[in-house]
Amino acid sequence: LFSEAFSDSQSPQYRAAIWAADVAPVESTERMISRYALATFYFALNGDDWDKCGRGSTDCDLSEEWLTAENECDWYAVECRDPVNGDYTVEEIRFRESIP
Numbered sequence: 063l064f065s066e067a068f069s070d071s072q073s074p075q076y077r078a079a080i081w082a083a084d085v086a087p088v089e090s091t092e093r094m095i096s097r098y099a100l101a102t103f104y105f106a107l108n109g110d111d112w113d114k115c116g117r118g119s120t121d122c123d124l125s126e127e128w129l130t131a132e133n134e135c136d137w138y139a140v141e142c143r144d145p146v147n148g149d150y151t152v153e154e155i156r157f158r159e160s161i162p
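Our numbering puts the first residue of the sequence shown at 63, with every later residue one more than the last.
Written as structure tokens, this is what we have:
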């Protein structure tokens, strides 16, 4: 299962790993893991099609847009309780399609 996810260039895990490798470096392994987890969530739920704050969104402040070099705690609808330990909550996000 692990190797399948990372050998399929369309899988959320693969896409998140490619994104994480291309963004500005972060100061800790914990933050890199958290950003990867949130990016996997984003790709798994077709974040580029979200009504608000997906990549390239015109309905969002740039600082809140997902998958930018901005701190992930500033991304739209992400609440960071304890980012060092990966304690995040993703609040309300409007989707164009149903979540499977």
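The beta-carbon is built from N, C-alpha and C at its ideal position, and this holds for glycine as well.
Taking each of 136, 121, 94, 128 in turn and checking the Cα distance to residue 105, the smallest one comes out for 128.
With respect to residue 125, residue 136 sits close: the two C-beta atoms are nearer than 8 Å. Taking C-alpha positions only, residue 108 is separated from residue 73 by approximately 11 Å.
Between residue 81 and residue 99 a beta carbon distance of about 12 Å is seen, past the 8 Å cut, so the two are scored as non-contacting. Contact between residue 134 and residue 140 holds, with the beta-carbon distance rounding to 6 Å and staying under 8 Å.
Here the alpha carbons of residue 118 and residue 84 stand approximately 17 Å from one another. C-alpha of residue 130 to C-alpha of residue 78: approximately 12 Å in a straight line. Residue range 74-84 is occupied by the alpha helix (DSSP H) that includes residue 77.
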